[in-house]
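Q:
In mature numbering (1 follows the signal peptide of the UniProt record, and there is no 0), the protein residues as written are -20 to -1, 1 to 564.
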């Protein structure tokens, strides 16, 4: 039996196990035994369905580069015993796809097939006699006459014997759960190794193929996004350390998402104070700030440098009298690329404990610059701005989830959706593995605020994400060791392509909601199927961006930012360019 044929045989084993489980459930339900093994049965069925789905996903990832037509891939998955699985041409393509990993890949599939067959035997579904008997009580019960028959005694003995067989099977099913779990663990490990081997083969193929886009432009954008990542990480840490107040847990930062393409990085953030009902809300609750380098900026802090020698740097807020000996010796705070004229000011190092960020934000009459915060070698001038309209306390935030829901009164245009898609992809490249984005980005994380103008229009091209400031900050995130994938970004791009949520699509609604692990698995399965028609809706470039998120979504490595630039951000930029060209 060829390697590709073994893969098809294993694929056909799962439906047999599921069918047998469902058949057994129907019988014991009639016999009145289901309540005694309900939980064990449900767990076993979920496990089989889960590992079948994971294996199908691995097979699709294996087959799609080999088979150009997605319908053919679907046919292979749905017909594991078909002639195509025994094709010599398919076998040759498989060997070329896996290269040096081919032999080991086939050994793992064989090992997984053995585990599946053992599971089938463990559940007694290969015993034809028992399967035939399982259906007898239903038929006999339906046709049993009301008057005694001469053969009543032998029938009673047969019925009692059959009940004993039921009871023995029930006991085996309940007591041998650990054996089944061990088989499931073997299947889990096999699936993990299959995924790892395929990932390694794909990386080698990527390295062997020339890049489809200019590498110099991609490298420039990648460098900008790396810089934005570093600055955004330090900016959050500067905010976190600058609070220094007992109400820190009630402060939130709403960061505006931008597609940074220039080396000059500036952040727009809305800081909020959401006090509980039992606590005084303080003197501020909403502050809009532009934070970045202070070019020609005169912050309210004044630095003192004695003529007799260097003195410790201090920071005083809202000082009305000059601390300099004479006005002629007064100095302007500026930063140059060479030697700074003044030392860096960091609120977390201020000697006066009363001078904290929370206190600074209470100042209603601040000037052009409220102050400076910093972390490590980066400093950020806090410039007040006023662009957004503060929502009422009772209003729920307008999220991307709300906008894409069927209940939303408005409708995003295709151009708006594609603009948001580019912003979100770029933001993931900038903020992934920083405190701003601790988990995968979802549509419930993306916020929209109305403008301050009278029309209260919502600029859909200027989304925000919100983050809190826990008293005990999480440990630093490591891009090389953190368990992360880009499936959530792929789902976001998919939803923005069609303007509807995944959970509202029939492909997802046909699956149960399930627990968290099952939900993610079914989400990915439905999204994968839905992504097959992205090319027809959004074109080749958009389809490339979505496809990369699902194909390479779990393969995080040191070069992931360069890959997301090439395969997601650049294609989405081209999609934006099509609208500009059409406007001209």
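Quick reminder that beta carbons are idealized off the backbone N, C-alpha and C, glycines included.
Which residue comes first and which comes last in the beta strand (DSSP E) that contains residue 448?
A: Going by DSSP, residue 448 is part of the beta strand (DSSP E) stretching over 444 to 448.
Q: With 16 other CB atoms within 10 Å as the buried threshold, where does residue 365 fall?
A: exposed
Q: Does the Cβ of residue 216 have 16 or more other Cβ atoms within 10 Å, making it buried, or fewer, making it exposed?
A: buried
Q: By the three-class DSSP mapping on this structure, what secondary structure does residue 365 have?
A: coil
Q: By DSSP, does residue 127 sit in helix, in strand, or in coil?
A: At residue 127, the pLDDT of 49 sits below 50, so the modelled position is not reliable and the matter cannot be decided from this model.
Q: Have a look at the DSSP bridge pairing and note the partners of residue 267.
A: 251
Q: Which whole-angstrom value is the C-beta distance of residue 402 and residue 553, which I expect to be below 8 angstroms?
A: 6 angstroms
Q: Does DSSP put residue 513 in a helix, in a strand, or in coil?
A: helix
Q: Taking the beta strand (DSSP E) that residue 401 falls in, what are its first and last residues?
A: Here residue 401 belongs to no beta strand (DSSP E); instead the alpha helix (DSSP H) covers 394 to 411.
Q: What is the residue span of the alpha helix (DSSP H) that residue 471 lies within?
A: Taken as a continuous stretch (DSSP letters only), the alpha helix (DSSP H) holding residue 471 covers 467 to 478.
Q: By how many angstroms is the C-alpha of residue 62 removed from the C-alpha of residue 388?
A: If I take the Cα positions, the gap works out to 46 angstroms.
Q: If you draw a straight line from the alpha carbon of residue 490 to that of residue 68, how long is it in whole angstroms?
A: 36 angstroms
Q: So the beta strand (DSSP E) residue 236 belongs to, where does it begin and stop?
A: Its beta strand (DSSP E) spans residues 231 to 236.
Q: In three-state terms, what does DSSP make of residue 379?
A: Note: residue 379 maps to strand in three-state DSSP.
Q: Do you know how far the Cα of residue 340 is from the Cα of residue 24?
A: 59 angstroms
Q: What's the C-alpha gap between residue 372 and residue 493?
A: Their backbone Cα atoms lie some 33 angstroms apart in a straight line.
Q: Residue 96 to residue 446, Cα distance in whole Å?
A: 46 angstroms
Q: Grab the span of the alpha helix (DSSP H) containing residue 438 for me, first residue to last.
A: First-last for residue 438: undefined, no H or E at that position.
Q: Assign residue 415 to buried or exposed, taking buried as 16 or more other Cβ atoms, counted over all protein chains shown, within 10 Å of its Cβ.
A: buried
Q: Would you mind stating whether residue 93 and residue -12 have Cβ atoms separated by less than 8 angstroms?
A: Against a cut-off of 8 angstroms, the Cβ pair of residue -12 and residue 93 comes out as a contact.
Q: Please name the residue or residues paired with residue 272 in a DSSP beta bridge.
A: 361
Q: Just verifying my parser: in three-state terms, what is the DSSP assignment at residue 431?
A: strand
Q: So, are the CB atoms of residue 166 and residue 102 less than 8 angstroms apart?
A: no
Q: Would you check if the segment 76 to 95 and the segment 32 to 52 touch, i.e. whether three or more CB-CB distances between them fall below 8 angstroms?
A: yes
Q: I'd like the span of the beta strand (DSSP E) that includes residue 491, first residue to last.
A: Taken as a continuous stretch (DSSP letters only), residue 491 belongs to no beta strand (DSSP E), as it is neither H nor E.
Q: May I have the straight-line CA-CA distance separating residue 204 from residue 210, to the nearest angstrom?
A: 10 angstroms
Q: Any chance the segment 227 to 242 sits against the segment 349 to 358, with 3 or more Cβ pairs inside 8 angstroms?
A: The segment 227 to 242 makes no contact with the segment 349 to 358: fewer than 3 CB pairs, one atom from each, lie closer than 8 angstroms.
Q: From this set, 19, 38, 88, 412, which residue's C-alpha is nearest residue 540's C-alpha?
A: 412
Q: Taking the C-alpha atoms as reference points, what is the distance between residue 502 and residue 156?
A: 28 angstroms
Q: Return helix, strand or coil for residue 414, following the three-state DSSP convention.
A: strand
Q: Counting Cβ pairs closer than 8 angstroms, one from the segment 470 to 482 and one from the segment 263 to 271, do we hit at least three?
A: no
Q: For residue 552, which three-state DSSP category applies?
A: helix
Q: Would residue 90 and residue -15 be called neighbours here (beta carbons separated by less than 8 angstroms)?
A: yes
Q: Can you tell me where the beta strand (DSSP E) with residue 224 in it begins and where it stops?
A: No beta strand (DSSP E) holds residue 224; DSSP gives it neither H nor E.
Q: Residue 559: buried (16+ other C-beta within 10 angstroms of its C-beta) or exposed?
A: exposed
Q: Could you have a look at residue 557 and say whether DSSP puts it in helix, strand or coil?
A: Under the three-state reduction of DSSP, residue 557 is assigned to helix.
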